[in-house]
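*Asks:* Before we start, here is the structure in question, set down as structure tokens.
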Amino acid sequence: RQPQDNQPTQPKPSPSLRRKEVVKQAEELSNQMDALIALRIKVNKPLIDQVVHDSNEHNMAPLDVLNRVKINATIETPLSTVRSVFNGLNLDLNYNKNELKDAQGKLKKAFLELYEKLRFLKNYAFLNQMAFSKIMKKYDKVYHYTRKKITSRNASDAYLQMVEESYLSQSDEVAKLIERVEAVFIKHFCNGDRQQGMNTLRPKSRRERHRVTFFVGCFFGCSLALVAAIIVSIHARDLLQGEGQTKYMNTIFPLYSWFGFLVLHMLMYAGNVYFWTRYRVNYSFIFGFKQGTELDFKQVLLLTFGLSVLALATALSNLEMEMDPETQNYKTVTELLPMGLVIVVVLMVICPFNILYRTNRFFFLVCVWHCICAPLYFVNLPDFFLADQFTSQVQLLRNVEFYVCYYGWGDFKKRDATTCNDSNVYRILSVVIAVVPYWIRLLQCLRRYFEGRDSTQAMNGLKYLSTIAAVVSRTIYTNRRGTTLKIIAASTSGVATIFSTYWDLVMDWGLLCRNSENPWLRDKLILPSKSVYFIAMVLNVVLRLAWMQTVLDFQEASFLHRNALTAIVASLEIIRRGIWNFFRLENEHLNNVGKFRAVKSVPLPFSYEDEDKDL
């Protein structure tokens with residue numbers, strides 16, 4: 003994505019241009035509704051066609067609209083993508099229920115976005131009138147007390163009268179359009195139910211619930227208590243001494259560190275949401291969340307500390323059951339506790355019932371599916387944003403591989419990971435898993451490049467290709483060692499690090515603009531302190547270097563196991579990603595503001611043949 007500073011400055015559109023734009027959009031939606039109504043009649047009541055044709059030959063019958071309408075082909079799903087590659091897209095109407103359902107869904111979204119735009123325009127006019135009124139009242143007050151001239155009020159009254167008689171105050175075109183949109187939407191998309199229609203058009207803001215704050219505090223306190231209990235239990239029983247340390251760090255530690263990585267990432271996201279909200283970054287619009295369903299930072303913290311309590315309680319139970327003489331005969335059950343916790347978490351995520359923020363869970367699962375199926379789906383910002391998060395969770399994905407191997411091959415019965423560590427298949431899969439997130443991002447960049455012919459996406463794809471080469475080379479070096487492999491791994495990792503760091507700072511964050519109003523930053527900044535941006539840039543560079551520790555052949559310290567060092571480095575990468583998230587969305591928000599983009603553009607389902615000829 004090209005940063006705002008590299009784009010030509012656009013003049014601000016006048017209110018009249020905005021008004022003409024929404025009027026034109028309303029007329030276009032009116033034509034779309036004619037086609038939708040005709041298609042609905044054709045699909046649901048095919049026999050009415052002959053009756054309509056015989057009723058009036060002079061006026062165009064509703065179904066005649068379909069004779070000059072074609073489907074707007076949008077390549078968004080895997081099926082449409084495959085068809086576009088091999089057979090091309092069929093633009094003719096098929097008059098089936100799937101086609102009708104798809105058209106209704108698109109038009110419903112288009113009406114919602116138009117209604118939102120009309121409300122913004124109405125609020126704009128109202129705020130300008132209020133600003134004029136308050137400015138003139140302030141002028142009256144100051145001028146009266148300083149100059150002692152009561153006659154000055156006549157001047158302000160004249161100005162206010164001019165404002166009241168202006169087009170801004172007198173025009174009711176926007177209000178009438180709002181009423182028309184409400185009437186059409188309620189009639190055709192809500193079966194005439196006004197309450198349902200208005201709740202959809204104007205969703206109520208979610209009220210802050212104090213019980214969320216209460217449970218966040220409870221879960222946080224429980225997490226601290228459980229951490230203290232685990233530390234005391236480990237030291238009191240000398241679990242990390244001698245052979246027990248090696249066995250524990252090679253088996254149990256990777257199982258529970260999976261939850262640690264997940265909790266840390268959720269904690270960073272909660273911090274992101276807090277600062278996005280505080281500095282008015284419209285993250286819900288950028289991500290495309292349905293209004294009123296986005297999670298605030300307290301709700302994210304509730305999920306974070308809830309998961310933390312579950313994981314820590316399971317880890318403590320594991321320790322207690324292992325050391326308790328009464329449960330010595332149930333070691334197999336004890337070893338199954340981490341796997342049981344993973345199953346519980348997965349079931350909670352995919353739970354179909356309306357609990358635990360079902361809308362957000364469904365949104366997350368859809369984005370995950372889009373990432374898995376890349377490049378078959380159209381790439382939206384939430385899709386590639388989530389894929390970027392996965393690139394910082396390579397160690398978490400490797401721990402998933404360890405789960406499968408450890409429990410699938412039965413090593414958990416004897417708490418021994420030699421089967422996994424000595425398996426060539428396991429090592430090969432370790433390389434593949436490390437590459438998968440970057441491969442997904444590469445495919446997404448290629449999809450966006452072929453759709454928009456944007457050279458920036460091609461360069462971004464090269465960045466991920468260099469990272470794939472670095473990950474493969476350094477993983478091979480870790481398993482085989484050797485001077486030649488070390489040189490190759492160090493070279494590819496160095497190139498990938500420099501490339502990725504440049505892209506983070508210049509392209510994703512829009513910083514390092516030499517001739518901007520804020521030297522080496524950018525023209526528009528949200529944070530009040532410029533030093534924060536420089537600190538963030540330095541941290542990003544330093545933390546980017548942390549992932550090269552494998553190439554540089556760092557060994558564990560005498561007091562630190564190698565798996566612990568790997569976990570620390572993985573945690574640093576998650577922290578870097580959390581910092582990156584804030585500035586990435588800040589730059590995206592400023593780009594939207596610079597382009598006056600406050601509503602989403604929705605592709606319309608139909609196109610008229612005469613419009614195509616005009617084009």
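Residue numbers for the sequence shown follow my numbering, beginning at 3 and rising by one.
Using N, Cα and C, we set each Cβ at its ideal position, and we do this for glycine too.
Remember, predicted model here, so these are calculated numbers, not experimental data.
Helix, strand or coil, according to DSSP, for Y359 in the structure here?
*Replies:* coil
*Asks:* Fully enclosed by the region 308-377, which alpha helix (DSSP H) runs are 4 residues long or longer?
*Replies:* 333-337, 339-352 and 360-374
*Asks:* DSSP three-state label for L297, please.
*Replies:* coil
*Asks:* Under 7 Å Cβ to Cβ from T295, same chain only, skipping five residues before and after it: list those, please.
*Replies:* T361 and N362
*Asks:* How long is the line joining the alpha carbons of R20 and K597, rounded to whole angstroms?
*Replies:* 13 Å
*Asks:* The alpha helix (DSSP H) that contains I478, what's its start and end?
*Replies:* S457 to R482
*Asks:* Could you spell out where the beta strand (DSSP E) holding Y97 opens and where it closes?
*Replies:* It is not in any beta strand (DSSP E) - Y97 carries neither H nor E in the DSSP assignment.
*Asks:* Under the three-state reduction of DSSP, which class applies to L162: helix, strand or coil?
*Replies:* helix
*Asks:* Give the C-beta separation of W278 and Y285 to the nearest angstrom, bearing in mind that I take them to be a contact with Cβ-Cβ under 8 Å.
*Replies:* 4 Å
*Asks:* Does the region 32-50 come close enough to the region 115-125 that 3 or more CB-CB pairs lie under 8 Å?
*Replies:* When Cβ pairs closer than 8 Å are counted between the two stretches, the region 115-125 is seen not to touch the region 32-50, the count staying below three.
*Asks:* K465 and W505 look like a contact to me (Cβ under 8 Å); what is the Cβ gap, rounded to whole Å?
*Replies:* 5 Å
*Asks:* Compare the beta carbon distance of L529 and I581 with 9 Å and say whether it is the shorter of the two.
*Replies:* No, the pair does not count as a contact, with Cβ atoms beyond the cut-off.
*Asks:* Could you give the distance in angstroms between the alpha-carbon of V601 and the alpha-carbon of F287?
*Replies:* Rounded to the nearest angstrom, the gap between the Cα atoms of V601 and F287 is 8 Å.
*Asks:* Can you tell me where the alpha helix (DSSP H) with Y409 in it begins and where it stops?
*Replies:* V396 to G410
*Asks:* Identify whether Y610 lies in helix, strand or coil by the three-state DSSP scheme.
*Replies:* strand
*Asks:* Distance, Cα to Cα, K72 vs F608?
*Replies:* 6 Å
*Asks:* Where do the N-terminal and C-terminal ends of the beta strand (DSSP E) with K72 fall, by residue?
*Replies:* V71 to I73
*Asks:* Starting from the C-beta of F255, find all residues in its chain whose C-beta is less than 6 Å away, skip the five residues before and the five after it, and write them out in chain order.
*Replies:* N565
*Asks:* Among the candidates Y408, A492, A227 and I232, whose CA atom is the shortest distance from the CA of S468?
*Replies:* Distance from the Cα of S468 is smallest, within the candidate group Y408, A492, A227 and I232, for A492.
*Asks:* DSSP puts C515 in a beta bridge; with which residues?
*Replies:* According to DSSP, C515 bridges with L523.
*Asks:* Using the Cα positions of Y610 and F380, report the straight-line distance between them to the nearest angstrom.
*Replies:* Cα atoms of Y610 and F380: separation of roughly 24 Å, rounded to the nearest angstrom.
*Asks:* If you run the structure through DSSP and keep just helix, strand and coil, what is A419?
*Replies:* coil
*Asks:* Kindly provide the ranges of any alpha helix (DSSP H) runs that are 4 or more residues long and lie completely inside the region 553-601, ordered along the chain.
*Replies:* 564-596
*Asks:* Taking 8 Å as the threshold, find out whether the region 256-275 comes into contact with the region 308-315 through three or more Cβ pairs.
*Replies:* yes
*Asks:* Starting from the C-beta of I470, find all residues in its chain whose C-beta is less than 8 Å away, skip the five residues before and the five after it, and write them out in chain order.
*Replies:* V437, Y440, W441 and L444
*Asks:* Grab me the residues of A313's own chain with a C-beta within less than 6 Å of its C-beta, minus the 5 sequence neighbours each way, in chain order.
*Replies:* F261
*Asks:* For the region 289-305 against the region 204-219, do three or more pairs of beta-carbon atoms, one drawn from each stretch, fall closer than 8 Å, so that the two count as touching?
*Replies:* yes
*Asks:* What's the gap between the Cα of I562 and the Cα of G412?
*Replies:* Before going on, a small fix: residue 562 reads as Leu here, not Ile. Rounded to whole angstroms, L562 to G412 spans 28 Å at the Cα level.
*Asks:* Indicate the three-state DSSP secondary structure (helix, strand or coil) for C649 in the structure shown.
*Replies:* Absent from the model: residue 649. The displayed extent of the chain is 3 to 617, so no value can be given.
*Asks:* Does the distance from the CB of M323 to the CB of T336 come in under 9 Å?
*Replies:* yes
*Asks:* Please report the residue range of the alpha helix (DSSP H) in which P384 lies.
*Replies:* L383 to T393
*Asks:* Skipping 5 residues on each side, what residues in its chain have a beta carbon closer than 7 Å to that of L514?
*Replies:* L507, V508 and W522
*Asks:* Can you say whether E590 is buried or exposed, counting buried as having 16 or more other CB atoms within 10 angstroms of its CB?
*Replies:* buried
*Asks:* Look at R449 and T253 and say whether their C-beta atoms are less than 9 Å apart.
*Replies:* No, the pair does not count as a contact, with Cβ atoms beyond the cut-off.
*Asks:* Among residues of its own chain, excluding the 5 on either side of N542, which ones have a beta-carbon nearer than 8 Å to its beta-carbon?
*Replies:* T503, D506, L507, R578, I581 and W582
*Asks:* Report buried or exposed for I180, applying the criterion of at least 16 other Cβ atoms within 10 angstroms of its Cβ.
*Replies:* Around the beta carbon of I180, 16 or more other beta carbons lie within 10 angstroms, which makes this residue buried.
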